[in-house]
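K.L.:
Number of protein chains: 2
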Amino acid sequence: MAGIRRCMLFSFLLFYVTECNSRLKKYNARPAVLATSGSPWPLPRNMTTTQVQYQVDADNFKFMLNTGTPSCDIIVKAFARYKVIAFGPRSETLKFRPNFRRRPNKENTVNQLTVRYVQPCDQYLSLESDESYTLVVTGNTASLTANEVWGALRGLETFSQLILPQGSGMYVINNTVIHDAPRFKHRGVLLDGSRHFLSVLKLKENLEAMAQNKFNVFHWHIVDDQAFPYDSIKFPNMSKLGAYDSNHIYSQADIKDVIEFARLRGIRVVPEFDSPGHTQSWGSSISNLLTKCYKNGSLDGSYGPVNPAEESSYNFLKSFFGEVADVFPDHYIHLGGDEVDFSCWESNPEIMKFMQSMGFGKDYAKLEEFYMQKLLNIISGYRKGYLIWQEVIDNGAKVAADTVVEVWKGGYIDELAKVTSLGYKTLLSSCWYLDYISYGSDWRNYYGCDPQNFNGTSAQKALVIGGETCLWGEYVDDTNVISRLWPRASAIAERLWSDESVNSVSAAEGRMEEHRCRMVRRGFDAQPMNGPGFCPVEFP
Amino acid sequence: MAGIRRCMLFSFLLFYVTECNSRLKKYNARPAVLATSGSPWPLPRNMTTTQVQYQVDADNFKFMLNTGTPSCDIIVKAFARYKVIAFGPRSETLKFRPNFRRRPNKENTVNQLTVRYVQPCDQYLSLESDESYTLVVTGNTASLTANEVWGALRGLETFSQLILPQGSGMYVINNTVIHDAPRFKHRGVLLDGSRHFLSVLKLKENLEAMAQNKFNVFHWHIVDDQAFPYDSIKFPNMSKLGAYDSNHIYSQADIKDVIEFARLRGIRVVPEFDSPGHTQSWGSSISNLLTKCYKNGSLDGSYGPVNPAEESSYNFLKSFFGEVADVFPDHYIHLGGDEVDFSCWESNPEIMKFMQSMGFGKDYAKLEEFYMQKLLNIISGYRKGYLIWQEVIDNGAKVAADTVVEVWKGGYIDELAKVTSLGYKTLLSSCWYLDYISYGSDWRNYYGCDPQNFNGTSAQKALVIGGETCLWGEYVDDTNVISRLWPRASAIAERLWSDESVNSVSAAEGRMEEHRCRMVRRGFDAQPMNGPGFCPVEFP
């Protein structure tokens, strides 16, 4: 009997191996890059995995909060959300065509993830939040441990990425132990609601994509020269007269909606109201706010940056930013301060007089510094922190010690060194302007850019709190925002989360392929990034 | 009484003008380019329009075939289709927020378009078809006259573009007279189903977009090195072993579906089965088809182009292309012939012997010519015409006089002169490779490229039958094909349809803005092309 059983086993193995091999040979297709399987993105700090696989009981799967872990809406809603993200809407999983039929094994089935964290939930993620977690999948138990609920959120995302669909509604997961925490605390995506309006639906779709890439800051560049879609409570004419039209406005309800959607995903919403430049659209409604420009001694009909010589400007700013401080719960507001064109100021006689009275001579950088410091004081008065673009510092302004300076221009390696040497917290975005598109696999360039790649002390390096990828809206709107941003932004997501040493493009490319197809399977128009190929599940 | 009425009229006018002006001033927004209103794209050959506007009765609108005009499914289905394209699904039009309320005027309401053409419908558009039409909208009658049903199709599209939504379900149309006909008869879009599979749904969405831009050839580059998704009847293993997987296959039913969808829109489907290069995926299933490469005198395991020295190759090609000739109704088949790498042929001893026996010496271009001529004879035997890429001619092959040569490489101005001097019909695609993306308003470059811009006789110029825009699939799939192609391809649509003199980018940019927003309103993800701005109707 033993002999026959051995023979049957051998025959089965022979058949199995031959079948497998011939199936592998069958599709002699040539994707440029072969996708990995079961590799999370971004790569966890510490991950060990074995070949041992467990069934995952999708139909009966439960996310459980450990007794003693303080519940809150964030975790409850995350459990519901990740049930769908991991297993798809159940009717859809039945449509997966089987590519490999595995015989169910009741002994090694994972049907639950136990989640525990220590701290009661904060309402909102902050710069200081702890996003670390430990994830253990062994035997048929899976447990996720964190200090704060934010770590649980990040761990849930990773867990969902470890679950591998096998077709016909079957899922497996490998024996895994992960200890993970982000390298940088500020991992942002900038979207531009002014150059082209982005619908609330698209903003939310993008926030979900961000969460699945562990981005944690939505830098909402909500107004600019071209349009003012922010529907101000105190100054309703700003959008009535400054938006493209009444269909391209973010109402207070919309803003609450976006903030809440982000909050539940552990994403901070940092609004940017850029001044004194980039404010043309403010002038439609706030008379005397913008500087009137002169030519050959008389008004030429055009306007420049905010008029820094008028007390009315600061009265307005104080009132306006009081509202902004209320509407946006994050501790930080981005105040802009970039690309201030001095020529209108230089042309204006009242400003010339003001310069003289202040003893600024002809140094308009001093006038800009004067404006920025008054503005920063206004914001401090509301007990908010602020981010500014690099020019403010470049032009010599002295700003409060806890200012976060965002480096966006060329020559950023030297700039990072300079800004951190002055003691400011710093963000890098220069190498991550995703509005600049080009042919080919450009994610590799983004992947290779490191925010701590400059000459400096470890104290300086520690001042780099992270970075942001910017998708300026000149050529971006609802029609192309998702495919333009994803999965290119994923390269930056990993650069900001994973360890510094995780920088090999060749090691990453198969994982990027897997990650892009994962995003596609989850319903995002994440575009091809690696040359010819395909995703196993890509058409609804 | 007269005085009071005059006063009331004056008050109304004053109010009206003030309201209008203040409304114009209200949105002091700054799109980079302001859209025109009521300008069709592509620009008709001859169009006069006046300020006189008529209401269009959307609810009761009828497309009518004039008595005596032979009906057919093409026109019947077009009538149904254009009812929706012009007026939207009726429930949606009620959602349009009113931006300008016009008082209905029953006297000047257009509620019908009478269509007449002379010739009975051909089943399929051909290179020789007559797409000319005349469109007249005066008083409250609208009439569309053409020689063939294809002109009626083109005229219906133009008519639909003249109908301007006013909000609240109201539409107007200007007094218009149009005489129109295309400058070039072959106006094509190439899509690549091999580097990335494109779903049938996306192909059809794109065919509809093409029809709305008056493109009339879908150049279906359906197979290539990386994958063979074409499900052959005679050689089913070609897709079984050559496709990426079984979910990435074009079945015979799919192909019929695409051809029919195109047919009804007056779009020819020209398949490309490129050889002898670009055939790696063919080798999975057709043994001995591809040349075996040698290194240092022994087989190195890799394969090269189709083996031109084996009679079995031609037996296969004859059988395979017999099927292709049946499956694809268009008179033309694209045979490729580009980028043939001679190195594998050079390494193979059997081929070396063959070269000697044929007296080709070491001139592999002669071997390529030998192959191409045998292939062309096979196709001629099926009474089909063929298109080929330029290399076949560049390498000195002599091909049949009615061959269409597609110029795709750099140096195309000289190449156009050369190919036409040899007497071949010619297509230009070199300057229209839309897979090459870059930041900004690149449609302007595509718009500026003219297929007859070379030194030659008028006989030579007449041999340029049109052009094609190519969207190779290395970085394109369902996630981004529509936004990458549109509205950039619209620039080429106009270049190929409209008069040569319609070449001013500054005159076109406002119309391009209108056209892009029209495509967006009609449901296509046509991306922003002109810098900051917005579309009046853009979110579902």
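Each protein sequence line maps, in turn, to chains A and X.
With my numbering, letter number 290 in the first sequence gets 290, and the count goes up by one each step, no holes.
Just remember that my numbering sits 1000 ahead of the position in the second sequence, which is counted from 1.
Ideal placement from N, C-alpha and C gives every residue a C-beta, glycine not left out.
(1) So Leu-1471 of chain X and Val-1481 of chain X are supposed to be a Cβ contact under 8 Å. How far apart are they, rounded?
(2) First and last residue of the beta strand (DSSP E) that includes Arg-187 of chain A?
(3) For the beta strand (DSSP E) containing Arg-268 of chain A, name the first residue and the last one.
(4) Taking a contact to mean a Cβ-Cβ separation below 8 Å, would you say Ser-194 of chain A touches Asp-478 of chain A in this structure?
(5) Just by C-beta distance, which residues in the region 1412-1441 of chain X are closer than 9 Å to chain A?
(6) Among residues of its own chain, excluding the 5 on either side of Phe-1015 of chain X, which ones have a beta-carbon nearer than 8 Å to its beta-carbon?
(7) Less than 8 Å between CB atoms is the rule here; does Arg-1521 of chain X satisfy it with respect to chain A?
(8) Which of the three DSSP states, helix, strand or coil, is assigned to Gln-390 of chain A?
(9) If you drop the 5 nearest sequence neighbours on each side, which residues of the same chain put their C-beta closer than 6 Å to that of Ser-160 of chain A?
(10) Closest to Asn-530 of chain A by C-alpha separation, out of A:His-515, A:Glu-538 and A:Gly-523, would be which residue?
(11) Tell me which residues of the region 1182-1205 of chain X have at least one Cβ-Cβ distance to chain A shorter than 7 Å, keeping chain order.
(12) Considering only residues of the same chain and omitting the five flanking positions on each side of Ser-132 of chain A, which have a CB-CB separation below 7 Å?
(13) Please compile the residues from chain D whose C-beta is within a distance smaller than 9 Å of the C-beta of Asn-147 of chain A.
(14) Is it true that the CB of Trp-432 of chain A sits closer than 8 Å to the CB of Pro-629 of chain A?
(15) Would you say Pro-1329 of chain X reaches chain A, if we count a Cβ-Cβ gap shorter than 8 Å as a contact?
(16) Output yes if chain X places a C-beta closer than 8 Å to the C-beta of Asn-480 of chain A; else output no.
(17) Measure from the alpha carbon of Asp-402 of chain A to the alpha carbon of each residue in A:Phe-228, A:Asn-377 and A:Tyr-386, then state which is nearest.
(18) Restricting to Cα atoms, I'd like to know which of X:Leu-1135, X:Glu-1208, X:His-1186 and X:Gly-1188 is closest to Ile-1173 of chain X.
(19) Could you name each continuous alpha helix (DSSP H) segment of 4 residues or more that falls completely within the region 1409-1494 of chain X, going from the start of the chain to the end?
(20) Measuring CB to CB, does Ser-430 of chain A end up less than 8 Å from Tyr-447 of chain A?
(21) Three-state secondary structure (DSSP) at Lys-214 of chain A?
(22) Report yes or no: do three or more beta-carbon pairs, one from the region 1304-1321 of chain X and one from the region 1288-1295 of chain X, lie closer than 8 Å?
(23) So, Ile-1437 of chain X versus Gly-1467 of chain X, is the Cβ gap smaller than 8 Å?
(24) Is the beta carbon of Leu-1422 of chain X less than 8 Å from the beta carbon of Ile-1388 of chain X?
(25) Using 8 Å as the Cβ pair cut-off and three pairs as the minimum, do the region 266-282 of chain A and the region 321-335 of chain A touch?
(26) On a Cα-Cα basis, can you pick out the residue from X:Asn-1206, X:Thr-1049 and X:Lys-1077 that is closest to Met-1519 of chain X?
(27) I'd like to check one pair, Ala-1309 of chain X with Phe-1354 of chain X: are the Cβ atoms closer than 8 Å?
(28) For Trp-345 of chain A, name the three-state secondary structure that DSSP assigns.
(29) To which residues does DSSP link Ile-178 of chain A through a beta bridge?
(30) Would you check if the distance between the CB atom of Phe-79 of chain A and the CB atom of Phe-63 of chain A is smaller than 8 Å?
(31) Could you tell me which of X:Lys-1185, X:Leu-1241 and X:Asp-1192 sits nearest to Val-1217 of chain X, measuring between CA atoms?
(32) Tell me Tyr-1303 of chain X's beta-bridge partners as DSSP assigns them.
(33) Counting only C-beta atoms, is Arg-97 of chain A closer than 8 Å to chain X at any point?
(34) Which residue spans inside the region 1047-1081 of chain X form an unbroken beta strand (DSSP E) run of at least 3?
(35) Do the CB positions of Leu-1563 of chain X and Ile-1378 of chain X come within less than 8 Å of each other?
(36) Nearest to Ser-39 of chain A by alpha carbon, out of A:Val-149, A:Val-56, A:Ser-441 and A:Ile-178?
P.N.:
The structure says:
(1) 7 Å
(2) Annotation: the continuous beta strand (DSSP E) that includes Arg-187 of chain A extends over 186-192.
(3) 268-275
(4) no
(5) Asp-1435, Tyr-1436, Ile-1437, Ser-1438, Tyr-1439, Gly-1440 and Ser-1441
(6) At Phe-1015 of chain X the pLDDT is 44, less than 50, meaning the model places this residue with poor confidence; the figure from the coordinates comes in the next sentence. Same-chain partners within the cutoff: there are none.
(7) Taking Cβ atoms only, chain A never reaches closer than 8 Å to Arg-1521 of chain X, which makes this a no.
(8) coil
(9) Excluding positions up to five away in sequence, the list reads Tyr-82, Ile-85 and Ala-86.
(10) Among A:His-515, A:Glu-538 and A:Gly-523, the Cα nearest to that of Asn-530 of chain A belongs to A:His-515.
(11) Arg-1195, His-1196, Phe-1197 and Ser-1199
(12) Ala-146, Asn-147, Gly-151, Asp-180 and Ala-181
(13) Reference to chain D is not applicable here, since the protein chains of this structure are A and X.
(14) What is shown of chain A runs 1 to 540, which leaves residue 629 of chain A out entirely.
(15) no
(16) yes
(17) A:Tyr-386
(18) X:Leu-1135
(19) 1412-1421, 1443-1448, 1458-1463 and 1481-1485
(20) Contact: no.
(21) coil
(22) Three or more beta-carbon pairs drawn from the region 1304-1321 of chain X and the region 1288-1295 of chain X are found closer than 8 Å, and the two stretches are therefore classed as touching.
(23) no
(24) no
(25) yes
(26) X:Asn-1206
(27) yes
(28) In this structure, Trp-345 of chain A counts as helix in the three-state DSSP scheme.
(29) A:Met-47 and A:Leu-135
(30) yes
(31) X:Lys-1185
(32) X:Lys-1292
(33) Its pLDDT being 41, under 50, Arg-97 of chain A is placed unreliably in this model, and the coordinates cannot settle the point.
(34) 1062-1065
(35) One cannot answer for residue 1563 of chain X here, as it falls past the ends of chain X, which runs 1001 to 1540.
(36) Ser-39 of chain A has its Cα closest to that of A:Ile-178, out of A:Val-149, A:Val-56, A:Ser-441 and A:Ile-178.
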